[in-house]
Amino acid sequence: MESIVVEGLVKKFGDFTAVNGVSFSVGEGELFGFLGPNGAGKTTTINILTTLLKPTAGKATVAGYDVSTHPHQVRKRVGLVPQELTVDDDLTGMENLMLQAGLYHIPRSEARRRALELLDLVGLREFADKRVETYSGGMRKRLDLIAGLMHEPEVLFLDEPTLGLDVATRAAIWDYIRRLRKETGTTVFLTTHYMDEADNLCDRIAIIDRGVIKAIDTGEGLKARLGGDIIELELVENGLDVVRLLEGVEGIRRVYVDGGVYRLTVERGDKMLPHVLEVLIQRGVAVKRVSMKRPSLDEVFLEFTGRKLREESGSWEDTFRRRMVLRRMRA
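Convert by adding 1156 to the 1-based position in the sequence shown; the result is the number in the working numbering.
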């Protein structure tokens, strides 16, 4: 059974098309990843699926209900954890969760039981009666996660859930997401621009760029599509057009240059590497460094979009930090 079905979804803002003919489906209980850079259309898609935006064209159903014709039914069945922290610093952790429960008309006794269970799940029970302003960034994010689960949604949308967090806290959030999914059976729709996050967490991954889905598959399936290995070369330049030279070598599928490093997608790395070195040496090109590896999601994203995902990650993290500073200033 499918929890989410999207058919030809389009969203325009004036002359700008943020989502352009997107189609996909998400199975019940699946953890589905939306991988893409800033401006790819990830958040716009989530806002449509959670009824915060109306589509310009196309159709989408969530938990069996059309987002355009039955938005109230959709809202009752979904949880949303947006990029920005939504918990109230002036309330305690428990008060934040009870406030969320009240919005969904959950009886108080049931709400408190549910809140305590979720606080246990993410290791926050001992901080339940402390004001959120005393929480660390990671603790706030954990509280945000479980706030989206208070009404036991069928589908949980996580929009960049680890944005701006340090590596250790990100890893802890991953663990909580796995546990939440295992213990609740909730379908999870996750947007991210972190390659390792998508690879470690998701059953399937959709790569979206400039409003268009480029590929959908498992992490391993996406990497297998590159068909082979990656050879990396650092060279001593001698004026030769090395890209054109390498593109003419049989067995090299693609040549990409990044910061002086040549990345070659090849069919058989063990056989191609000696041949590539021989070709370069014969043309008088000296090799400073060479390595070979299996394809990663970085190479997959590069293959489908022609650019690196991490090129834009800094701007997202800078934006997150600025937002946090403004929040503290207002307090």
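Using N, Cα and C, we set each Cβ at its ideal position, and we do this for glycine too.
With which residues is residue 1449 paired in a DSSP beta bridge?
In the DSSP output, where bridge partners are listed per residue, residue 1449 has 1386.
Separation of residue 1271 from residue 1134, as counted between CA atoms:
In this structure the chain extends from 1157 to 1487, so residue 1134 is not present and cannot be described.
Give the single residue among 1439, 1418 and 1214 whose Cα lies nearest to the Cα of residue 1396.
Nearest option by C-alpha distance: 1439.
So, for residue 1449: in the same chain, excluding its five sequence neighbours on each side, which residues have a beta-carbon less than 6 Å away from its beta-carbon?
Apart from sequence neighbours up to five positions away, the residues of its chain that approach residue 1449 with a beta-carbon distance below 6 Å are 1386, ordered along the chain.
Let me know if residue 1159 comes out buried or exposed under the rule of 16 or more other beta-carbons within 10 Å of its beta-carbon.
Counting Cβ neighbours within 10 Å, residue 1159 comes out buried, since at least 16 surround it.
Figure out for me which residue from 1390, 1358 and 1290 has the closest Cα to the Cα of residue 1113.
Past the boundaries of the shown model lies residue 1113; the chain is included only from 1157 to 1487, so the question cannot be answered.
Determine the DSSP secondary structure at residue 1305, reduced to helix, strand or coil.
Residue 1305 falls in the coil class under three-state DSSP.
Smallest Cα separation from residue 1198: which of 1165, 1213 and 1219?
When each option's Cα is compared against that of residue 1198, the closest is 1165.
Between the C-alpha atoms of residue 1233 and residue 1401, what's the straight-line distance to the nearest angstrom?
Spanning the two alpha carbons is a distance of roughly 57 Å.
State the Cα-Cα distance for the pair residue 1437 and residue 1323, rounded to the nearest angstrom.
Approximately 41 Å, taken between the alpha carbons.
Just the Cα atoms here: how many angstroms apart are residue 1362 and residue 1405?
The C-alpha of residue 1405 is placed about 32 Å away from the C-alpha of residue 1362.
Exposed or buried, residue 1203, counting other C-beta atoms within 10 Å across all chains shown (16 or more means buried)?
A residue is called buried once 16 or more other Cβ atoms fall within 10 Å of its Cβ, and residue 1203 is buried on that count.
Helix, strand or coil for residue 1186 per DSSP?
Under the three-state reduction of DSSP, residue 1186 is assigned to coil, being neither helix nor strand.
Would residue 1453 and residue 1355 be called neighbours here (beta carbons separated by less than 8 Å)?
In this structure, residue 1355 lies closer than 8 Å to residue 1453 by Cβ.
Since residue 1318 and residue 1191 should fall inside the 8 Å C-beta cutoff, what is the C-beta to C-beta distance between them, to a whole number of angstroms?
Not a contact, Cβ separation roughly 13 Å.
Output needed for residue 1256: all residues of its chain with C-beta closer than 6 Å, excluding positions within five of it in sequence on either side, in chain order.
Excluding sequence neighbours, residue 1256 sits near 1303 and 1306.
Looking only at its chain, what residues have a beta carbon closer than 7 Å to the beta carbon of residue 1398, apart from the 5 residues adjacent to it on each side?
If the five residues before and after residue 1398 are omitted, its C-beta is found closer than 7 Å to the C-beta atoms of 1391, 1418 and 1441, all from its own chain and listed in chain order.
Using the three-state DSSP reduction, which class does residue 1292 fall into: helix, strand or coil?
In the structure shown, residue 1292 sits in coil (DSSP, three-state: anything other than H, G, I, E or B).
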